[in-house]
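Visitor: Pasting in a structure now, in structure tokens, and then I'll have a few things to ask.
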Amino acid sequence: MEEKIKDTEIAIRNLDSVDSFNKYNEHSTINPWISIIDFSKSSPKCREWMRMGFYCIMLKDIHCGDLKYGISQYDYDAGTLLFFAPNQIYKVDKVGSLTVPQGLCLVFDEELIRGTSLQKQIHAYSFFSYEHNEALHVDEEERKNVVEILAKISREINPELDHLNKKLIVTHIELLLDYCSRYYQRQFTSRQPLHQLISDKFSDLVREFLISRKSADYGLPTVNYFADKLHLSANYLGDIIKKETQQTPIEIMHQMMINQAKELLHDFEKNISEISDQLGFTYAPHFTRFFKNKMGLTPNEYRRNLNR
Numbered sequence: 002m003e004e005k006i007k008d009t010e011i012a013i014r015n016l017d018s019v020d021s022f023n024k025y026n027e028h029s030t031i032n033p034w035i036s037i038i039d040f041s042k043s044s045p046k047c048r049e050w051m052r053m054g055f056y057c058i059m060l061k062d063i064h065c066g067d068l069k070y071g072i073s074q075y076d077y078d079a080g081t082l083l084f085f086a087p088n089q090i091y092k093v094d095k096v097g098s099l100t101v102p103q104g105l106c107l108v109f110d111e112e113l114i115r116g117t118s119l120q121k122q123i124h125a126y127s128f129f130s131y132e133h134n135e136a137l138h139v140d141e142e143e144r145k146n147v148v149e150i151l152a153k154i155s156r157e158i159n160p161e162l163d164h165l166n167k168k169l170i171v172t173h174i175e176l177l178l179d180y181c182s183r184y185y186q187r188q189f190t191s192r193q194p195l196h197q198l199i200s201d202k203f204s205d206l207v208r209e210f211l212i213s214r215k216s217a218d219y220g221l222p223t224v225n226y227f228a229d230k231l232h233l234s235a236n237y238l239g240d241i242i243k244k245e246t247q248q249t250p251i252e253i254m255h256q257m258m259i260n261q262a263k264e265l266l267h268d269f270e271k272n273i274s275e276i277s278d279q280l281g282f283t284y285a286p287h288f289t290r291f292f293k294n295k296m297g298l299t300p301n302e303y304r305r306n307l308n309r
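Under our numbering, the first residue of the sequence shown carries the number 2, and numbering increases by one thereafter.
In structure tokens:
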């Protein structure tokens, strides 16, 4: 099944089930909830945009084109892992050209993890929501570990999963995701100079946003606003900031808002309502509550202390 995006008129292939993904890759369906595919056993495919209705983890072995995800690209190198959550659209360049991908792919339906601990925490694996060109590049030892875990999962896939099959599969998936989290931390560390620049730029953008009074037009600053300015996903930006500063973007924004509020409170010609508007609060009481929560006293109390 295909649909078209109006602004681009590029068709999107909808693969809404594990079975449909298997059929697309000429792979038999052993169990409708989970599958592991060796792409080398599939015939060449025309490059096209796709929406998949399930979780997907791809281990790409060779360069087979640049995969666009959101507004950016993944560079396919040996040992590159790609992660997709259900209903995300991913895009490729050179639509219609033939490609012969190599690598392995694990796909699993949300139903597989329903009622498990993984269902409760899968959203904590933020790399499923990355929209920028930060695929996970693994070394030989890391790749070997990933392949071994996939092999263990494959051995447990039966037509009808019993309780132990399902438990072991979900446990191995969770183990794989935990290892990928570790590998991403290693990658963050190796790219620290770049990430430090991003962290510094984020702080500069927040400061400029507050000083230039953009809050009066846009409202309170949001992580999504600055992520868009930096051409990053909100999750990826959050992970970078947390790694570099041990604070979340929201914590940094709130601290900078408090600092700006203090500066404005020194101007006694401005009343609390004007300061609230300038910082982006819809109502002055919201600003008062925010300030007191952070400082332990109201804006008026803080201002009175300035005269002592």
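Note that beta-carbon positions come from the ideal geometry of N, C-alpha and C, so glycine has one too. No experiment lies behind these values; they were computed from the predicted model shown.
Contact check, PRO160 vs ILE31 under 8 angstroms by CB: the rounded distance?
Guide: Contact holds; Cβ gap of about 6 angstroms.
Visitor: Do THR249 and ILE259 have their CB atoms nearer than 9 angstroms?
Guide: Going by C-beta atoms, THR249 is not nearer than 9 angstroms to ILE259.
Visitor: In this structure, how does DSSP classify GLN103 when only helix, strand and coil are distinguished?
Guide: Of the three classes helix, strand and coil, the one that applies to GLN103 here is coil, per DSSP.
Visitor: State the start and end residues of the unbroken alpha helix (DSSP H) segment that holds THR81.
Guide: Premise fails: THR81 lies in the beta strand (DSSP E), 81-85, not in any alpha helix (DSSP H).
Visitor: From the DSSP output, in three-state form, read off ALA12 for me.
Guide: Here ALA12 sits in strand by DSSP.
Visitor: Contact between the stretch 213-231 and the stretch 104-113: three or more CB pairs below 8 angstroms?
Guide: These segments do not touch.
Visitor: Is there contact here, the stretch 230-244 with the stretch 273-288, by at least three beta-carbon pairs under 8 angstroms?
Guide: No: fewer than three Cβ pairs fall under 8 angstroms.
Visitor: Within a Cβ cutoff of 8 angstroms, which residues of the same chain sit near PHE189, ignoring the five residues on either side of it in sequence?
Guide: So the list reads HIS196, ASP240, ILE241 and LYS244, once near-sequence residues are dropped.
Visitor: Quick check: what's the CA-CA separation for GLN261 versus SER277?
Guide: Taking the straight line joining both Cα atoms gives about 11 angstroms.
Visitor: Considering only the alpha carbon of each residue, which of ALA136, THR289 and ASN88 lies closest to SER182?
Guide: Cα-wise, what sits closest to SER182 is ALA136.
Visitor: How far does the alpha helix (DSSP H) with LEU307 in it extend, from its first residue to its last?
Guide: That run of the alpha helix (DSSP H) goes 300-307.
Visitor: By Cβ distance, which residues of its chain are closer than 6 angstroms to PHE210, with the 5 residues on each side in sequence left out?
Guide: Around PHE210: PRO222.
Visitor: CYS57: buried (16+ other C-beta within 10 angstroms of its C-beta) or exposed?
Guide: With 16 or more other Cβ atoms within 10 Å, it is buried.
Visitor: Cα separation between ASN301 and HIS138?
Guide: Using only the alpha carbons, I get a separation of about 53 angstroms.
Visitor: Quick one: using the 10 Å Cβ neighbour count with 16 as the cut-off for buried, is ALA228 buried or exposed?
Guide: The residue in question, ALA228, is buried, as its Cβ has 16 or more Cβ neighbours within 10 Å.
Visitor: Could you compute how far the alpha carbon of PRO286 sits from the alpha carbon of GLN186?
Guide: The straight-line gap from Cα to Cα measures roughly 41 angstroms.
Visitor: Just curious, the alpha helix (DSSP H) that ILE154 is in, first and last residue?
Guide: Residues 141-157.
Visitor: How would you call HIS164, buried or exposed, if buried means at least 16 neighbouring beta carbons within 10 angstroms?
Guide: HIS164 is exposed by the Cβ-count criterion.
Visitor: For GLU264 and chain E, any beta-carbon pair shorter than 9 angstroms?
Guide: In summary, chain E is missing from the structure at hand, where a single protein chain is found.
Visitor: Would you mind working out which of ASN88, ILE123 and PRO45 sits nearest ILE13, comparing C-alpha positions?
Guide: Among ASN88, ILE123 and PRO45, the Cα nearest to that of ILE13 belongs to ASN88.
Visitor: Between TYR303 and the rest of its own chain, which residues show a CB-CB distance below 8 angstroms, the 5 nearest in sequence each way excluded?
Guide: Result list for TYR303: LYS263, LEU266, PHE292 and MET296, in chain order.
Visitor: What is the residue span of the beta strand (DSSP E) that ARG290 lies within?
Guide: No beta strand (DSSP E) contains ARG290, which is instead part of the alpha helix (DSSP H) from 285-296.
Visitor: Run through the DSSP bridge pairs and tell me what LYS24 is partnered with.
Guide: Note: LYS24 sits in no beta bridge, so no partner.
Visitor: Is it right to say GLU252 is buried, meaning 16 or more other beta carbons lie within 10 angstroms of its own, or is it exposed?
Guide: Exposed is the call here.
Visitor: Tell me which same chain residues have a C-beta within less than 7 angstroms of the C-beta of ARG208, skipping the five on either side of it?
Guide: Counting only Cβ-Cβ distances below 7 angstroms, and skipping sequence neighbours, we find MET257.
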